[in-house]
Amino acid sequence: MKLHIRQPLFFLAFVCLFLGLMLSACPAKGPAAPAPVPAPIPASPATPAPTAISLEARNLSFDRTSILVPAGAAVTIEFSNLDAGVGHNFAVYTDTTASQSFFVGEIIIGPATTTYLFTTPAEPGTYFFRCDTHPATMNGQFIVQ
């Protein structure tokens, strides 16, 4: 049997086509593509804890005459009225005339404790605090920095 040149070329083309089809059907083996990395979530600014201040009323006077706080901050005043049968509160005013209030807490009859929560003025400065029922003897400076 005599082979013609066309037959081996035809056979070779057939083998190449067959191998090409087989290789394209097989999954590629190699390093796997890395998993996508999620975009970082921007951190929200932490809300600072309120500035906590303890204030006591006893014998018709406060236990402090000045309070120092940061500007624009949340403040909690832990207020204890130790005067039995007497009403006291805590109030902040723009100045000693007490004509413009910034915060006025509820009057409580002692002995009792309450918590006042408010935000300090955004503008630094020296403000005025007092007990509204005893303003002459129970007052002080509320200093905002």
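Here the working numbering is used: position 26 in the sequence shown is 16, and no number is missing along the way.
Ideal Cβ positions, reconstructed from N, Cα and C, are used throughout, including at glycine.
Predicted model only: the values in this text are computed from it and were never measured.
- Task: For residue 39, verify whether its CB is less than 7 Å away from any heavy atom of the ligand ZN.
- Result: The ligand ZN is not part of the structure shown, which contains no ligands of any sort.
* Asked: Identify the residues that DSSP records as bridge partners of residue 66: which are they?
  -> When DSSP reads this structure, residue 66 sits in a beta bridge with 42, 107.
Residue 93 - partner residues in DSSP beta bridges: 82
#### Entry: Cβ neighbours of residue 54 in the same chain (closer than 7 Å, five flanking residues each side left out)
Once the five neighbours on either side are set aside, the close Cβ partners of residue 54 are 45, 130.
_Taking the straight line between their C-alpha atoms, what separation do you get for residue 77 and residue 71?_
Across the structure, residue 77 and residue 71 are spaced so that their CA atoms are roughly 8 Å apart.
Notebook entry, point to check: The beta strand (DSSP E) with residue 50 in it runs from where to where?
Noted result: Per DSSP, residue 50 belongs to no beta strand (DSSP E) and is neither H nor E.
Would residue 111 and residue 42 be called neighbours here (beta carbons separated by less than 8 Å)? no
Legend entry - Span of the beta strand (DSSP E) around residue 134: 129 to 134
Check for me: the beta strand (DSSP E) holding residue 116 runs from which residue to which? Unbroken beta strand (DSSP E) run through residue 116: 115 to 120.
>> Determine whether the beta carbon atoms of residue 106 and residue 80 lie at a separation below 8 Å.
In response: yes
Check your understanding: According to DSSP, what are the bridge partners of residue 59?
Key -> 134
Looking only at C-alpha atoms, which of 102, 83, 123 sits nearest to residue 134?
-> 83
How is residue 100 classed by DSSP in three states: helix, strand or coil? DSSP places residue 100 in strand when its eight states are reduced to three.
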